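The structure appears below as structure tokens.
Chains as they are written, first to last, in my numbering: chain A, 5 to 168; chain B, 5 to 127.
Right under this line is the structure:
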């Protein structure tokens, strides 16, 4: 009889222990846009501003972190106008490009091949979770070999992260 | 002119901008005929203090909305802004994206020139 009671108590205790402990967690999809590296316009000739490193510029790098795959697209637009500049009397011809420079997962290596490009915008489907670094190049050519007026020039890159 | 190194396109340190949740839901608000939802903006961009809140349809066309405290938010570095968005009931099927875009200050002192825009999709 004593043996039977002890077994019953042990069984109850074991059931209780199994039922009580649990850990809950949620992973939310999220996208973080980071400015990773400074971009600088070099001025290799009087009519040109460029981020090309061979011409004294520095190409900016933007990093996207996505926590879950296939939830976001990255949309990056290189500049096609100055946000501030001295008065310009002639047109500025803009050229630019966006490319993947580094990836945290080798499966991201086809991002550039699969991107959609229109106007000055490059769209990437973030189909792999992790970090992706995008390098942006930009060149502004003023008039027909015309000298840019002296002063400060600024141009804005737009980096968007849009859920699918 | 040649020696003039003119412009920084972005500042040096890593700077981030985030909007959660990714898929907020519109629910009836305390005002009849108005739906609302709640998003949280996190600012880790030292160079940015202001963010503009916008609501768009599926074609990225603007949709009328009201955000608590206005559509331009001041968010300190490493701070969070809890934003309540109100949309008319008749626009609830049209409103698709809630976006926050960093606003950059004009002037020579302003060196960071990457405008970040992070959106959430209403489901």
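Each residue gets a CB set at the ideal place from its N, CA and C atoms; glycine is no exception.
Predicted model, so just to flag it, every value in this text is computed and none were measured.
Could you tell me whether any Cβ in chain A is nearer than 9 Å to the Cβ of residue i?
i, result
"residue 21 of chain B", "yes"
"residue 49 of chain B", "yes"
"residue 81 of chain B", "no"
"residue 34 of chain B", "no"
"residue 101 of chain B", "yes"
"residue 122 of chain B", "yes"
Find the residues of chain A that neighbour residue i, judging by a C-beta separation of less than 7 Å, and give them in chain order.
i, result
"residue 125 of chain B", "167"
Taking only heavy atoms of the ligand NAD into account, decide whether any of them is closer than 8 Å to the Cβ of residue i.
i, result
"residue 103 of chain B", "The ligand content of the structure shown is nil, which means the ligand NAD is not present either."
Quick one, which of the options has its alpha-carbon nearest residue i's?
i, options, result
"residue 158 of chain A", "A:28, A:90, A:141 and A:39", "A:90"
"residue 36 of chain B", "B:59, B:73 and B:90", "B:90"
"residue 128 of chain A", "A:112, A:71 and A:100", "A:112"
"residue 50 of chain A", "A:152, A:166 and A:163", "A:152"
"residue 98 of chain A", "A:40, A:125 and A:58", "A:125"
"residue 54 of chain B", "B:123, B:127, B:107 and B:121", "B:107"
"residue 101 of chain B", "A:37, A:43, A:26 and A:167", "A:167"
"residue 65 of chain A", "A:165, A:44 and A:95", "A:44"
"residue 65 of chain B", "B:49, B:95 and B:86", "B:95"
"residue 40 of chain B", "B:72, B:109, B:122 and B:81", "B:72"
What residues from chain B crowd round residue i, counting only those whose CB sits closer than 7 Å?
i, result
"residue 34 of chain A", "22, 24 and 26"
Could you tell me whether the Cβ of residue i comes closer than 9 Å to any Cβ of chain B?
i, result
"residue 37 of chain A", "yes"
"residue 26 of chain A", "no"
"residue 131 of chain A", "no"
"residue 43 of chain A", "yes"
"residue 164 of chain A", "yes"
"residue 69 of chain A", "yes"
"residue 87 of chain A", "yes"
What in chain B is Cβ-close to residue i, meaning under 9 Å?
i, result
"residue 160 of chain A", "13, 108, 117, 118 and 119"
In chain D, which residues lie with their C-beta within 7 Å of the C-beta of residue i?
i, result
"residue 75 of chain A", "Among the protein chains of the structure shown, namely A and B, there is no chain D."
Using a Cβ cut-off of 8 Å, which residues of the region 96 to 121 of chain A contact any Cβ in chain B, in chain order? Legend: CB atoms of the region 96 to 121 of chain A lying less than 8 Å from CB atoms of chain B are not found in any residue.
What beta strand (DSSP E) runs, 3 residues minimum, are completely inside the region 81 to 114 of chain B? Counting whole runs of 3 or more residues, the region 81 to 114 of chain B contains the beta strand (DSSP E) stretches 83 to 92 and 101 to 107.
Relative to chain A, which residues along the region 59 to 81 of chain B have a C-beta separation below 8 Å, given in chain order? Listed by position along the chain: nothing, the set is empty.
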